[in-house]
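Report on one structure; see the data block that follows.
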Amino acid sequence: MLRHPRRTTALFLLVTMLAALSAARLRMDPNILVLLPEEEPTAQAIHRLNEEEGGANLLTVTVQGDDPQALDEFMRSLHTSMTASERVDYALYELEPDLAWRLGILQLTTDELTTLKTRLEGALSLGPAAANPFVAARLLDLGPLTDKLNQAPDQGSFAEVGQDLRRLVIRPTSTPYDPAFSKALMAELEGHIARLDPGARGLEVVWVGGAYRHSVEDVRNLTKDLGWTGAVSFTLVLLLIAIAFRDVRAILLVFVPLIVANIWTAGYAGVAIGTLNTFTSFFPAVLIGLGVDFSIHLYSRFREERRLADTVEDAVARAWDKAGPPCFTAGLTTAGGFCALWAAGFKGFQQLGTILAGGVVFCLTAVLLGLPLLVRWHDKAGGRGEARAAPRDDVAARPAAYRWAPLLLLGMVGMTSAGTLLLPRVSFEYDLSELRPKGLSYGDLDETRQRLARQSAAPVVVSFESEQSLLDAHERLTAGIAGGEIPEMATLLDRFSVLPADQADRLALLEEVADLARGDGVRYLPRPVQENLARLAEADLRVVGVADLPRGAQHMLGAADGKHRMMILPEGNLWDVRQNRRLYESVQRWLPGESAAGEYLALAVLFELMQGDTPRVAGVALGLVLLFTLIDLRSVPRALGAVAALLAGMCWAGAAMVLLDLKLSLVNFVGVPILMGIGVDVVIHLLHRLREEGPGRVRIALKTTGWASGLSAATTILSFAALSVATAEGIRSLGLLIVMGLTLVAAAGLTLMPLGWMTAWKLGGAPSNDGTGPGEE
1 MLRHPRRTTA LFLLVTMLAA LSAARLRMDP NILVLLPEEE PTAQAIHRLN EEEGGANLLT
61 VTVQGDDPQA LDEFMRSLHT SMTASERVDY ALYELEPDLA WRLGILQLTT DELTTLKTRL
121 EGALSLGPAA ANPFVAARLL DLGPLTDKLN QAPDQGSFAE VGQDLRRLVI RPTSTPYDPA
181 FSKALMAELE GHIARLDPGA RGLEVVWVGG AYRHSVEDVR NLTKDLGWTG AVSFTLVLLL
241 IAIAFRDVRA ILLVFVPLIV ANIWTAGYAG VAIGTLNTFT SFFPAVLIGL GVDFSIHLYS
301 RFREERRLAD TVEDAVARAW DKAGPPCFTA GLTTAGGFCA LWAAGFKGFQ QLGTILAGGV
361 VFCLTAVLLG LPLLVRWHDK AGGRGEARAA PRDDVAARPA AYRWAPLLLL GMVGMTSAGT
421 LLLPRVSFEY DLSELRPKGL SYGDLDETRQ RLARQSAAPV VVSFESEQSL LDAHERLTAG
481 IAGGEIPEMA TLLDRFSVLP ADQADRLALL EEVADLARGD GVRYLPRPVQ ENLARLAEAD
541 LRVVGVADLP RGAQHMLGAA DGKHRMMILP EGNLWDVRQN RRLYESVQRW LPGESAAGEY
601 LALAVLFELM QGDTPRVAGV ALGLVLLFTL IDLRSVPRAL GAVAALLAGM CWAGAAMVLL
661 DLKLSLVNFV GVPILMGIGV DVVIHLLHRL REEGPGRVRI ALKTTGWASG LSAATTILSF
721 AALSVATAEG IRSLGLLIVM GLTLVAAAGL TLMPLGWMTA WKLGGAPSND GTGPGEE
């Protein structure tokens, strides 16, 4: 590398340019539901629904006001504006009045119609006597019965969701997981609302619900948080590197290879995967945190050796001979740990493992091969300097306290054992809305908005092969919901919700009531009853079919294009994955074998997969870490000691999470492999240096490699520290987890490893004076 710098630099540039071209193919897909295993029935049902209809997500707008006329005028204007949009398939506010009335009277059951007919016949049989005030008093119950005929339009309306609330349902033309589309759609909706000025009409938009709104809010908040926190954290890291090495140009030496490695990794991801998601989009931050370890250790060792070597080439060769093997082992061990994610059933974990495993190898390669070129340039530019802590025989003037090592180690083991007792109490944040900024979670909403949020939830779409199978399921679930046996379901929407299966029987009874209403005896009935019967007497009572409904209503009822579908509107806080799981189990129990699709069902499956994947992946990761460490050290006790130090640090971090009430979540879970990766690096580098220095030189190992390990951990801690003040609670929890966890994991490695070696040397009778030369093992 050093003998052919121009060729090497040209090769680096060529590979980086090709990687950048490949990285341009990467796109963001925030829809984590597509990461479910392909053989999972829920995933298959979602794929079919997306192919046929583009999913089942809707956008709802709910407006509140005391003036019904003003409400209707505003909603009709908004309906007209949104219907004309090229981004909207249809918007549904209310049905045509005559159709709404015809649907409404069909909601009267045969028992209600039979009762109405019987009592009307009895009243009419009285003839003129019915006009007698004393007799008429007995006919007052006809008023409420016939009122249902006049109220029928309200029963057939999709708009009214409360006494003073109206709702507009919008079906967009694309998925909410297309950030650009969702942003344009919401901007258009907000523009129409602003133009119609609801405040000037005494109205208030109390709720806009659906995945489109949440997608825009989440992307906006995430971009805002990562923008300023990223700038702050990057600045802090650069300052730390410059101060630690007392050289501003050291920033270039440390970070240029990592930037190149991230470009390589992005190009590799473009070829291997093609898309980034919630779990993989953080890979640059992770790789900077892991890769900086290689740069710091190699450059720190070079500074030590440069003080003693005559040329840059000699110093690089000696530094790479000493620090290269532990860097190589740490890189392979960390990559192997990430490869354990391939054992997961969840594709998000698999893709994360693929990117990070390859990324660590790219970081190691870029640093090992590229850093010598930068070091050579830096040395020629006059940046030779002295090592931060060059090894000298007079580093310590007093004997190391090896006599206390066994006791201190025993105390650390006891503290770790106590910490393991707290690990079962590590909790998980089940409510995903709690990961959003304050004020946007489900718990922050008032009762009215919580109800509107539930009503805006995307339905579970169940597809049936025939109309009869749909009818059987409709009757079974309707009875179950009415009986309180399925609290996870609020109601059903399908063709039988508005077009009863016994429509012919109801129409026959209605026709008989209409015939009675046309008779002369009606004029003797109370005036309100006459008015209620008048419209029915003039109506043309015909069967209402699916084709009579507007396309939007057909789609809402799962009857468009000859489909036989049921829309199950869920109940409860659907941000809570435990509620999702209960809904999933109810669907499986009440609709066995049917094709059910829905994002809430998918979230239930996703959470179950993650719960099953976590212990399996952790076991495989630790096994691979132990294997690579054993191959490197060729000593079972030392390999077990290294893994034990890593596990102890993870136990400390887990115990701290319990004490600080910091919960794991779908967002901060990515911090766990970061902790393991950095922890392994600290342990392996320090272990190699302790073995190299031998008995009596623990302080030298700590002041050199230990200092470099601490600096490496500190850069990662600083890079994530700014996230702890983010507005989004999920991002904030990620920052807190890494800051707290990495501090403890690094502390465990920097204390347990020296204490372990000191204890072994003490019990083995090795010298314990740091002023002696390197001892034999």
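The opening position of the sequence shown corresponds to residue 1 in the numbering used here, with each subsequent residue numbered one higher.
We put the CB at the ideal spot given by N, CA and C, even for glycine.
Three-state secondary structure assigned by DSSP to D66: coil
Could you give the distance in angstroms between the alpha-carbon of E434 and the alpha-carbon of V667? 11 angstroms
Near A642, what residues of its chain come up, given a Cβ to Cβ distance below 6 angstroms and the 5 sequence neighbours on each side ignored? T629, V683, L687
In chain order, which continuous runs of the alpha helix (DSSP H) of length 4 or greater are located wholly inside the region 301-350? Counting only runs of 4 or more, we get 312-339.
Applying the criterion that 16 or more other CB atoms from any shown protein chain within 10 Å of the CB defines a buried residue, is P144 buried or exposed? Classification of P144: exposed, given that the 10 Å Cβ count is below 16.
Can the beta-carbon of K347 be found less than 8 angstroms from the beta-carbon of L35? Between K347 and L35, the C-beta spacing is below 8 angstroms.
Proximal residues to T265 (C-beta, below 7 angstroms), its chain only, five neighbours per side dropped: F283, L287, I355, G358, G359, F362
Quick one: is V605 buried, meaning 16 or more other Cβ sit within 10 Å of its Cβ, or exposed? buried
Near A547, what residues of its chain come up, given a Cβ to Cβ distance below 7 angstroms and the 5 sequence neighbours on each side ignored? none
Just checking my contact of G864 with G127 at CB under 8 angstroms: how many whole Å lie between their CB atoms? The structure shown has nothing for residue 864, since the chain only spans 1 to 777.
What does the alpha-carbon distance come out to for the pair D111 and E512? 14 angstroms
What I want to know is whether the C-beta of L609 ends up closer than 7 angstroms to one or more non-hydrogen atoms of the ligand ZN. Only the bare structure without any ligand can be found here, which leaves the ligand ZN out of the picture.
Beta-carbon gap between D567 and L470 smaller than 8 angstroms: A quick correction: the sequence has Met, not Asp, at residue 567. It is not a contact, given that the beta carbons lie outside the stated cut-off.
Of the residues L536, V587, L422, G545, the one placed nearest V462, counting alpha carbons only: V587
At the level of alpha carbons, what is the spacing between A194 and T80? 15 angstroms
Report the partner residues of V61 according to the DSSP bridge assignment. L168, V208
Buried versus exposed, by CB contacts within 10 Å (16 or more), L763: Counting every other CB atom within 10 Å of its CB across the protein chains shown gives L763 a total below 16, marking it as exposed.
Report back the beta-carbon spacing between A648 and A748 to the nearest angstrom; my notes put them in contact at under 8 angstroms. 5 angstroms
Helix, strand or coil at L492 [DSSP, three-state]: strand
Where does P487 fall in DSSP's three states? In this structure, P487 counts as coil in the three-state DSSP scheme.
Looking at the secondary structure, which residues open and close the alpha helix (DSSP H) in which A479 lies? 467-482
Backbone secondary structure at D576 - three-state DSSP: For D576, the three-state secondary structure derived from DSSP is strand.
Out of A621, D576, W590, point me to the one whose CA is closest to Y600's CA. D576
Sequence-distant residues of its chain with Cβ nearer than 7 angstroms to L755 (five each side left out): A405, L408, L409, M412
Under DSSP, the alpha helix (DSSP H) around I731 begins and ends at which residues? 729-764
Just verifying my parser: in three-state terms, what is the DSSP assignment at R464? Note that residue 464 corresponds to Phe in the displayed sequence, not to Arg. DSSP places F464 in coil when its eight states are reduced to three.
Return the chain-ordered ranges of every alpha helix (DSSP H) run that is complete within the region 556-641 and spans a minimum of 4 residues. Whole alpha helix (DSSP H) segments, 4+ residues: 577-590, 599-633.
Could you tell me the distance, in whole angstroms, from the CA atom of G735 to the CA atom of G671? 8 angstroms
Cutting at 8 angstroms between CB atoms, please list the residues of its own chain near L253, excluding the five before and the five after it. So the list reads S295, Y299, L371, L374, V375, H378, once near-sequence residues are dropped.
Answer with buried or exposed for S427, where buried requires no fewer than 16 other C-beta atoms within 10 angstroms of its C-beta. Label assigned to S427: exposed.
Could you pull out every unbroken beta strand (DSSP E) segment of at least 3 residues lying fully inside the region 63-114, listed in chain order? 88-92
If you draw a straight line from the alpha carbon of V367 to that of A701, how long is it in whole angstroms? The straight-line gap from Cα to Cα measures roughly 22 angstroms.
Between the beta-carbon of G337 and the beta-carbon of P673, is there less than 8 angstroms? yes
Between the region 51-71 and the region 602-619, do at least 3 Cβ pairs fall closer than 8 angstroms? no
I'd like to check one pair, H47 with T705: are the Cβ atoms closer than 8 angstroms? no
Select from K148, L660, R166, G694 the residue whose C-alpha is nearest the C-alpha of L108. K148
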